[in-house]
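> Let me give you the structure first, and then I'll get to my questions.
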Amino acid sequence: MNKYPFRHDHFFKHFFQIRQLALEHVEDYVSPELVSHMDLSSLALLPTVAVDDELQESRSDLAYGCRLGNGRNLLLALLHEHKSEQPEYDIRLQINDYRSATWLLDLQQKQPLTFVLPLVIYNGKAKWKKRRFRDSFPGLPDEFLPFLGEFDYLLLDLPGMSDEEIIKRSPGKMLASAFLALKHGREPEYFRKNFAKVFILHQGKFQTF
7 MNKYPFRHDH
17 FFKHFFQIRQ
27 LALEHVEDYV
37 SPELVSHMDL
47 SSLALLPTVA
57 VDDELQESRS
67 DLAYGCRLGN
77 GRNLLLALLH
87 EHKSEQPEYD
97 IRLQINDYRS
107 ATWLLDLQQK
117 QPLTFVLPLV
127 IYNGKAKWKK
137 RRFRDSFPGL
147 PDEFLPFLGE
157 FDYLLLDLPG
167 MSDEEIIKRS
177 PGKMLASAFL
187 ALKHGREPEY
197 FRKNFAKVFI
207 LHQGKFQTF
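Adding 6 to a residue's 1-based position in the sequence shown gives its number in our numbering.
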């Protein structure tokens with residue numbers, strides 16, 4: 007047993023409170039079609055809303071807000087799954103919980119409803135199997151599907167990416183180092199052999215909150 011276990015949740019929360027990392031994540035992993043509508047100069051870390059404790063056991067959450075081009079608010083919900091295996095329940099249950107809490111807060115504050123864009127970062131041992139929400143309701147007749155509320159989320163499956171893909175996606179950036187560290191956090195020998203690859207020297211200042 008590793009005497010000093012790698013705390014993925016602590017690492018994630020510490021590094022992704024750095025605005026530059028969150029910005030790089032959006033720029034490098036969110037489609038240009040979506041990014042074109044965002045005012046990334048307004049990107050700012052927000053307090054996370056209260057959600058069900060039972061669903062929080064396997065994840066860490068961070069939230070960033072920014073403005074859309076039309077002036078509406080957008081919330082980027084970073085949901086980090088750090089269990090060794092993909093959760094048995096559909097991740098949409100977690101996302102729905104987060105969205106509902108966000109919208110209830112909007113209503114309490116008499117604000118327009120905020121659109122929530124879910125960004126799921128997974129670094130378990132097995133490759134993530136993305137499934138449809140309808141698969142959680144086996145045998146449900148097709149006539150009921152319009153009432154189900156099927157929706158999608160943006161997934162970053164670190165076990166499903168090679169180191170080279172991660173580096174190529176964010177060349178020379180701190181984000182690549184952070185994702186390599188998350189991906190290989192359970193492998194002390196990897197860090198001994200690949201120290202230079204993971205801990206690249208980066209230039210520039212990173213804004214924290």
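Ideal placement from N, C-alpha and C gives every residue a C-beta, glycine not left out.
Taking contact to mean at least 3 C-beta pairs separated by less than 8 Å, is the region 119-130 in contact with the region 100-109?
Result yes; three or more Cβ-Cβ pairs closer than 8 Å.
> P53: which of D45, L188, Q23 sits nearest, CA to CA?
For P53, the nearest C-alpha among the options comes from Q23.
> Could you tell me how far apart the beta carbons of R78 and P118 are, in whole angstroms, since I believe they sit closer than 8 Å?
At roughly 7 Å, the Cβ-Cβ gap stays under 8 Å, so R78 and P118 are in contact.
> In whole angstroms, what is the alpha-carbon distance linking S176 and E170?
Cα to Cα, S176 sits roughly 10 Å from E170.
> Quick check on R105: buried or exposed, where buried means 16 or more other Cβ atoms within 10 Å of its Cβ?
Its Cβ being crowded by 16 or more others within 10 Å, R105 is buried.
> Beta-carbon separation of H31 and L181 under 8 Å?
Closer than 8 Å, so yes.
> In or out: F185 buried (at least 16 other Cβ within 10 Å) or exposed?
Per the 10 Å Cβ criterion, buried.
> Using a Cβ-Cβ cut-off of 8 Å, state whether E193 counts as contacting chain E.
The structure shown contains no chain E; it holds only a single protein chain.
> Can you find a heavy atom of the ligand ZN that lies under 7 Å from the Cβ of L29?
Of the ligands one can find in the structure shown there are none, so the ligand ZN has no counterpart to examine.
> Whole angstroms are fine: how far does the CA of K179 sit from the CA of R198?
Distance between the alpha carbons of R198 and K179: 21 Å.
> Using DSSP's beta-bridge definition, name the partner residues of M180.
DSSP lists no partner for M180.
> Would E193 and Y128 qualify as a contact pair, given that the criterion is a beta-carbon distance under 8 Å?
No.
> Round the Cβ separation of V126 and L74 to the nearest angstrom and send it over; I've been treating them as touching at under 8 Å.
Their Cβ separation, rounded to whole angstroms, is 21 Å, which puts V126 and L74 out of contact at 8 Å.
> Alpha carbon to alpha carbon, how far is Q26 from K135? Give it in angstroms, no decimals.
Looking at the two C-alpha atoms, the distance is approximately 29 Å.
> Evaluate L40 with the Cβ neighbour count: other Cβ atoms within 10 Å of its Cβ, from every protein chain shown; 16 or more gives buried, anything less gives exposed.
Exposed is the call here.
> Counting C-beta neighbours from all protein chains within 10 Å, is the total for E63 16 or more, i.e. buried, or is it exposed?
The predicted position of E63 is uncertain, since its pLDDT is 46 and thus under 50; no value can be drawn from it.
> Have a look at L99, F18, E33 and flag the residue whose alpha-carbon is nearest the alpha-carbon of R140.
Of the candidates L99, F18, E33, the one whose C-alpha sits nearest the C-alpha of R140 is L99.
> Can you give me the Cβ contacts of H43 inside the same chain, cut-off strictly under 7 Å, excluding the 5 residues immediately before and after it?
Answer for H43: L74, G75, listed in chain order.
> Which residues in the same chain as Y2 place their Cβ atom closer than 6 Å to its Cβ, once the five residues preceding and following it in sequence are excluded?
Residue 2 lies beyond the stretch modelled for the chain, which goes from 7 to 215, so this question has no answer here.
> With a threshold of 8 Å on Cβ separation, who are the neighbours of Y299 within its own chain once the five nearest residues in sequence on each side are excluded?
In this structure the chain extends from 7 to 215, so residue 299 is not present and cannot be described.
> At what residues does the beta strand (DSSP E) containing V36 begin and finish?
That residue, V36, is in no beta strand (DSSP E); it is neither H nor E in DSSP.
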